[in-house]
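See structure below.
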Amino acid sequence: MELLPTLELRWLNGWIFILIFYSVFGILLKILPKEAVIRLYDEEGWTKIQKVMAKTSKVFGILIIILQIFTPLKIESLEFIIGVIIFSLGTFGFIISILNFRDAPLDKPVTSGLYRISRNPQMIMLDLVGVGISITIGSGMTIILIILGQSFSHFRIQGEEKRLLEQYGDLYREYMKKVPRYFLFF
6 MELLPTLELR WLNGWIFILI FYSVFGILLK ILPKEAVIRL YDEEGWTKIQ KVMAKTSKVF
66 GILIIILQIF TPLKIESLEF IIGVIIFSLG TFGFIISILN FRDAPLDKPV TSGLYRISRN
126 PQMIMLDLVG VGISITIGSG MTIILIILGQ SFSHFRIQGE EKRLLEQYGD LYREYMKKVP
186 RYFLFF
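Using our numbering, you'd call the opening residue of the sequence shown number 6 and step up by one each time.
This is the structure:
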(Lines of atoms letter the chains of each structure in order from A and count residues from 1; the text may use other names and numbers.)
(Lines give C-alpha, C1' and ligand atoms only; values in the text may rest on other atoms or scores of the structure.)
Protein backbone atom coordinates (compact mmCIF):
# COMPACT_ATOMS: atom_id res chain seq x y z
CA MET A 1 0.00 0.00 0.00
CA GLU A 2 1.26 3.46 -0.89
CA LEU A 3 0.36 6.72 0.77
CA LEU A 4 -0.52 8.28 -2.60
CA PRO A 5 -0.39 5.93 -5.58
CA THR A 6 0.09 7.27 -9.11
CA LEU A 7 -3.08 8.84 -10.44
CA GLU A 8 -4.12 8.06 -13.99
CA LEU A 9 -7.33 7.47 -15.89
CA ARG A 10 -7.57 3.81 -16.90
CA TRP A 11 -10.23 1.20 -17.44
CA LEU A 12 -9.26 -0.76 -14.36
CA ASN A 13 -9.43 1.96 -11.71
CA GLY A 14 -11.38 2.33 -8.50
CA TRP A 15 -14.25 3.93 -10.44
CA ILE A 16 -15.53 0.41 -11.19
CA PHE A 17 -16.35 -0.21 -7.53
CA ILE A 18 -17.78 3.29 -7.12
CA LEU A 19 -20.08 2.63 -10.10
CA ILE A 20 -21.17 -0.70 -8.61
CA PHE A 21 -21.91 0.79 -5.19
CA TYR A 22 -23.76 3.86 -6.41
CA SER A 23 -25.80 1.78 -8.86
CA VAL A 24 -26.90 -0.39 -5.93
CA PHE A 25 -27.60 2.73 -3.84
CA GLY A 26 -29.64 4.28 -6.68
CA ILE A 27 -31.75 1.13 -6.96
CA LEU A 28 -32.29 1.14 -3.19
CA LEU A 29 -33.45 4.77 -3.29
CA LYS A 30 -35.92 3.87 -6.06
CA ILE A 31 -37.48 1.06 -4.03
CA LEU A 32 -37.73 3.08 -0.82
CA PRO A 33 -41.07 4.75 -0.12
CA LYS A 34 -40.91 8.53 -0.49
CA GLU A 35 -41.42 9.00 3.27
CA ALA A 36 -38.40 6.81 4.03
CA VAL A 37 -36.19 8.79 1.62
CA ILE A 38 -37.31 12.05 3.26
CA ARG A 39 -36.58 10.55 6.69
CA LEU A 40 -33.18 9.37 5.44
CA TYR A 41 -32.09 12.91 4.54
CA ASP A 42 -33.86 14.87 7.29
CA GLU A 43 -31.70 17.67 8.72
CA GLU A 44 -34.43 19.34 10.74
CA GLY A 45 -33.28 20.48 14.15
CA TRP A 46 -29.57 20.36 13.37
CA THR A 47 -27.40 23.19 14.61
CA LYS A 48 -25.48 25.35 12.16
CA ILE A 49 -22.22 23.70 13.30
CA GLN A 50 -23.66 20.22 12.66
CA LYS A 51 -24.72 21.26 9.14
CA VAL A 52 -21.29 22.76 8.42
CA MET A 53 -19.54 19.65 9.72
CA ALA A 54 -21.82 17.42 7.61
CA LYS A 55 -20.98 19.48 4.52
CA THR A 56 -17.28 19.30 5.39
CA SER A 57 -17.51 15.50 5.58
CA LYS A 58 -19.07 15.54 2.10
CA VAL A 59 -16.05 17.48 0.80
CA PHE A 60 -13.85 14.69 2.13
CA GLY A 61 -16.16 12.19 0.43
CA ILE A 62 -15.76 13.96 -2.90
CA LEU A 63 -11.96 14.02 -2.52
CA ILE A 64 -11.98 10.31 -1.71
CA ILE A 65 -14.10 9.50 -4.76
CA ILE A 66 -11.85 11.58 -7.05
CA LEU A 67 -8.75 9.79 -5.79
CA GLN A 68 -10.45 6.41 -6.15
CA ILE A 69 -11.60 7.19 -9.71
CA PHE A 70 -8.09 8.08 -10.86
CA THR A 71 -6.17 5.32 -9.07
CA PRO A 72 -5.56 1.97 -10.81
CA LEU A 73 -6.68 -1.23 -9.14
CA LYS A 74 -3.95 -3.48 -7.75
CA ILE A 75 -5.56 -6.54 -9.36
CA GLU A 76 -2.66 -8.97 -9.01
CA SER A 77 -2.16 -8.39 -5.30
CA LEU A 78 -3.43 -9.74 -2.02
CA GLU A 79 -4.57 -6.17 -1.25
CA PHE A 80 -7.05 -6.41 -4.11
CA ILE A 81 -8.66 -9.59 -2.76
CA ILE A 82 -8.85 -8.19 0.77
CA GLY A 83 -10.31 -4.93 -0.59
CA VAL A 84 -12.95 -6.76 -2.64
CA ILE A 85 -14.00 -8.76 0.43
CA ILE A 86 -14.28 -5.61 2.58
CA PHE A 87 -16.09 -3.74 -0.23
CA SER A 88 -18.54 -6.64 -0.63
CA LEU A 89 -19.21 -6.88 3.11
CA GLY A 90 -19.77 -3.11 3.27
CA THR A 91 -22.09 -3.11 0.24
CA PHE A 92 -24.07 -6.09 1.52
CA GLY A 93 -24.32 -4.54 4.99
CA PHE A 94 -25.39 -1.21 3.48
CA ILE A 95 -28.18 -2.94 1.53
CA ILE A 96 -29.36 -4.71 4.69
CA SER A 97 -29.29 -1.49 6.75
CA ILE A 98 -31.28 0.41 4.09
CA LEU A 99 -33.85 -2.39 3.95
CA ASN A 100 -34.03 -2.39 7.77
CA PHE A 101 -34.59 1.37 7.57
CA ARG A 102 -37.30 0.92 4.92
CA ASP A 103 -39.16 -1.71 6.92
CA ALA A 104 -39.29 0.29 10.18
CA PRO A 105 -42.59 1.97 11.07
CA LEU A 106 -42.43 5.74 10.57
CA ASP A 107 -43.74 6.39 14.08
CA LYS A 108 -40.90 4.46 15.76
CA PRO A 109 -37.10 4.61 15.62
CA VAL A 110 -35.33 2.01 13.50
CA THR A 111 -34.16 -0.67 15.95
CA SER A 112 -34.22 -3.96 14.04
CA GLY A 113 -31.71 -5.81 11.90
CA LEU A 114 -28.26 -4.19 11.89
CA TYR A 115 -29.71 -1.39 14.01
CA ARG A 116 -29.61 -3.85 16.93
CA ILE A 117 -25.82 -3.68 16.97
CA SER A 118 -25.23 -0.10 15.80
CA ARG A 119 -27.31 3.06 15.78
CA ASN A 120 -25.55 4.03 12.53
CA PRO A 121 -25.01 0.91 10.43
CA GLN A 122 -25.44 2.80 7.14
CA MET A 123 -22.52 5.09 7.99
CA ILE A 124 -20.36 2.18 9.19
CA MET A 125 -21.08 0.19 6.04
CA LEU A 126 -20.42 3.19 3.81
CA ASP A 127 -17.03 3.56 5.49
CA LEU A 128 -16.33 -0.15 4.91
CA VAL A 129 -17.16 0.32 1.23
CA GLY A 130 -14.70 3.22 1.05
CA VAL A 131 -11.98 1.33 2.90
CA GLY A 132 -12.52 -1.69 0.65
CA ILE A 133 -12.11 0.42 -2.49
CA SER A 134 -9.08 2.14 -0.96
CA ILE A 135 -7.43 -1.22 -0.32
CA THR A 136 -8.15 -2.45 -3.88
CA ILE A 137 -6.26 0.58 -5.21
CA GLY A 138 -3.58 0.42 -2.50
CA SER A 139 -4.12 4.01 -1.32
CA GLY A 140 -3.28 4.94 2.24
CA MET A 141 -4.29 8.56 1.55
CA THR A 142 -7.91 7.65 0.88
CA ILE A 143 -8.05 5.66 4.11
CA ILE A 144 -6.70 8.69 5.99
CA LEU A 145 -9.33 10.88 4.29
CA ILE A 146 -12.08 8.39 5.25
CA ILE A 147 -11.00 8.61 8.90
CA LEU A 148 -10.90 12.42 8.77
CA GLY A 149 -14.24 12.58 6.96
CA GLN A 150 -15.81 10.27 9.51
CA SER A 151 -14.64 12.52 12.33
CA PHE A 152 -16.66 15.33 10.72
CA SER A 153 -19.60 12.96 10.08
CA HIS A 154 -19.72 12.33 13.82
CA PHE A 155 -21.27 15.79 14.18
CA ARG A 156 -23.89 14.87 11.58
CA ILE A 157 -24.70 11.77 13.59
CA GLN A 158 -25.08 13.88 16.74
CA GLY A 159 -27.55 16.09 14.85
CA GLU A 160 -29.52 13.04 13.75
CA GLU A 161 -29.60 11.69 17.30
CA LYS A 162 -30.78 15.03 18.69
CA ARG A 163 -33.62 15.04 16.18
CA LEU A 164 -34.50 11.43 16.95
CA LEU A 165 -34.61 12.19 20.69
CA GLU A 166 -37.01 15.06 19.99
CA GLN A 167 -39.12 12.89 17.71
CA TYR A 168 -39.24 9.64 19.70
CA GLY A 169 -38.36 10.74 23.27
CA ASP A 170 -37.89 7.99 25.84
CA LEU A 171 -38.25 5.26 23.23
CA TYR A 172 -35.09 6.49 21.49
CA ARG A 173 -33.34 7.28 24.79
CA GLU A 174 -33.76 3.64 25.88
CA TYR A 175 -32.48 2.48 22.49
CA MET A 176 -29.40 4.69 22.93
CA LYS A 177 -28.68 3.00 26.27
CA LYS A 178 -28.80 -0.48 24.72
CA VAL A 179 -27.10 0.00 21.34
CA PRO A 180 -23.74 1.69 20.67
CA ARG A 181 -23.51 4.66 18.30
CA TYR A 182 -21.04 2.76 16.18
CA PHE A 183 -20.29 -0.92 16.65
CA LEU A 184 -17.91 -0.85 19.57
CA PHE A 185 -18.38 2.59 21.11
CA PHE A 186 -21.35 4.02 22.99
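Heads up, the beta-carbon is just placed ideally off N, CA and C, and yes, glycines get one too.
- Taking L9 as the reference, which of L34, I148, W51 and I87 has the closest Cα? I148
- Message: Quick check on F191: buried or exposed, where buried means 16 or more other Cβ atoms within 10 Å of its Cβ?
- Response: Any reading at F191 is ruled out, since the residue's pLDDT is 48, under 50, leaving its predicted position unreliable.
- Item | C-beta contact flag for R124 and A41 at 8 angstroms | No, they are not a contact pair.
- Query: If you scan the region 50-115 from start to end, which runs of the beta strand (DSSP E) of 3 or more residues do you find wholly inside it?
  - Reply: none
- Return the bridge partner residues of E7 from the DSSP annotation. S144
- Query: Going by other Cβ atoms of all chains shown within 10 Å of its Cβ, with 16 needed for buried, is E49 buried or exposed?
  - Reply: exposed
- Message: Going by DSSP, what residue range makes up the alpha helix (DSSP H) through E13?
- Response: Note, E13: premise wrong, no alpha helix (DSSP H); not H, not E.
- Sufficient close CB pairs (3 or more, under 8 angstroms) joining the region 67-75 to the region 161-172: Too few Cβ pairs lie closer than 8 angstroms, so no.
- Roughly how many angstroms lie between the CA atoms of G3 and I151, to the nearest whole one? This structure cannot settle anything about residue 3, because the visible part of the chain is limited to 6 through 191.
- Message: I'd like to know whether the C-beta atoms of M6 and G145 end up nearer to each other than 8 angstroms.
- Response: Result yes, Cβ atoms of M6 and G145 sit closer than 8 angstroms.
- Residues near R121 in its chain [Cβ-Cβ closer than 7 angstroms; skip 5 each side]: V184
- Query: Any chance the region 29-38 sits against the region 100-119, with 3 or more Cβ pairs inside 8 angstroms?
  - Reply: The count of Cβ pairs closer than 8 angstroms, one atom from the region 29-38 and one from the region 100-119, reaches three, so the stretches are in contact.
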